[in-house]
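Undergrad: Just so you know, we're using my numbering here: the sequence shown kicks off at 550 and counts up by one.
Backbone N, C-alpha and C fix where the C-beta goes; we use that ideal spot for every residue, glycine too.
In this text the structure is predicted, and so the values were computed from the model without any measurement.
Before I ask anything, let me first share the structure, which is written out below as structure tokens.
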Amino acid sequence: MKKVALSACLMGCSCRYDGKENLNRALLKELSSYEIIPFCPEDFCFGTPRPTMDLVYNQDRVEAISNKNGENLSKPIIDYAKEFFEKNPDIELFIGKDRSPSCSVKSGKVYDKDKNLLHTTGTGLMAKVALDLGIESWDSEAYLTHNS
Ligand code: SF4
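Following this line, the structure appears as structure tokens:
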């Protein structure tokens with residue numbers, strides 16, 4: 550069975566920053582031929598509930614910056630992602646939650662240091678690791694639209 554890495558909140562896991570989930574039954578139905586390997590870097594690294602973070606463009610890179618205290622939270626997210634794909638080297642598809650600073654593939658809001666919105670097509674830090682590994686990667690909404 551082919552394996553898909555999927556944002557755990559889309560499976561109904563209450564791991565969002567506010568302790569809620571983003572259960573998407575249509576997406577789960579679409580993925581019924583896959584073995585689903587869930588992930589949630591933010592719950593693993595920072596617990597739930599937790600303060601929100603934003604993607605911020607800083608010189609030549611995009612970082613995840615805490616909205617609570619300005620801390621750069623990028624490293625634990627990237628470390629989690631690298632370890633996840635090392636443990637699951639046969640993942641063929643990555644589907645991330647839209648607009649998440651960790652999981653979005655092409656829908657993340659990216660700000661400058663002064664919190665001005667630069668664009669809304671950013672890549673979350675875990676999704677970037679998936680893309681860098683050459684894994685086919687989609688935002689959940691785009692994947693559903695593409696397959697409907
Ligand atoms: S979008 Fe990603 S980081 Fe946020 S709750 Fe869902 S799986 Fe976790």
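Can you grab the Cα-Cα spacing for the pair Thr694 / Trp687, in whole Å?
TA: Residue numbering aside, residue 694 sits at position 145 when the sequence shown is read from its first letter. Residue numbering aside, residue 687 sits at position 138 when the sequence shown is read from its first letter. For Thr694 and Trp687, the distance between alpha carbons rounds to 11 Å.
Undergrad: Expressed to the nearest angstrom, what Euclidean distance is found between the alpha-carbon atoms of Met560 and Glu570?
TA: Locating residue 560 in the sequence shown gives position 11, counting from the first residue. Locating residue 570 in the sequence shown gives position 21, counting from the first residue. Distance between the alpha carbons of Met560 and Glu570 is about 8 Å.
Undergrad: Who sits around ligand 1, taking every residue whose Cβ is closer than 6 Å to one of its heavy atoms?
TA: That gives Ser556, Ala557, Cys558, Cys564, Arg565, Cys589, Pro590, Glu591, Asp592, Lys646, Ser649, Ser651, Cys652.
Undergrad: Three-state secondary structure (DSSP) at Lys658?
TA: The sequence position of residue 658 within the sequence shown is 109, counting from 1. Looking at Lys658 - three-state DSSP - the assignment turns out to be strand.
Undergrad: Identify whether Thr601 lies in helix, strand or coil by the three-state DSSP scheme.
TA: Position 52 of the sequence shown holds residue 601. Shown here, Thr601 sits in coil according to DSSP, grouped into three states, outside any helix or strand.
Undergrad: With distances taken Cα to Cα, identify the nearest neighbour of Lys631 among Cys558, Ser697, Asp681.
TA: Here residue 631 refers to the residue found at position 82 of the sequence shown. With distances taken between Cα atoms, Lys631 lies closest to Asp681.
Undergrad: Would you check if the region 618 to 628 and the region 656 to 670 touch, i.e. whether three or more CB-CB distances between them fall below 8 Å?
TA: no
Undergrad: I'd like to confirm the pairing. Which residues does DSSP put opposite Asn607 in its beta bridges?
TA: Within the sequence shown, numbered from 1, the residue matching residue 607 stands at position 58. Answer by DSSP bridge pairing, in chain order: Arg610.
Undergrad: Could you check what DSSP says for Asn696 in three-state terms: helix, strand or coil?
TA: For the purposes of this step, residue 696 is identified with residue 147 of the sequence shown, where counting begins at 1. Residue state, collapsed to three classes: helix.
Undergrad: Of the residues Phe593, Leu642, Thr670, which one's Cα is nearest the Cα of Cys558?
TA: On the sequence shown, residue 558 is found 9 positions in, with the first residue counted as 1. If we check each option's Cα against that of Cys558, Phe593 comes out closest.
Undergrad: Leaving out five residues on either side along the sequence, give the residues of the same chain with a beta carbon under 8 Å from the beta carbon of Thr672.
TA: Locating residue 672 in the sequence shown gives position 123, counting from the first residue. Once the five neighbours on either side are set aside, the close Cβ partners of Thr672 are Val611, Ser653, Val654, Lys655, Gly657, Leu680.
Undergrad: If you draw a straight line from the C-alpha of Pro587 to the C-alpha of Glu690, how long is it?
TA: Numbered from its first residue, the sequence shown carries residue 587 at position 38. Numbered from its first residue, the sequence shown carries residue 690 at position 141. Whole-angstrom Cα-Cα distance: 17 Å.
Undergrad: Could you tell me the boundaries of the beta strand (DSSP E) in which Pro545 lies?
TA: Because residue 545 is not part of the residues shown, which for the chain are 550 to 697, the question remains open.
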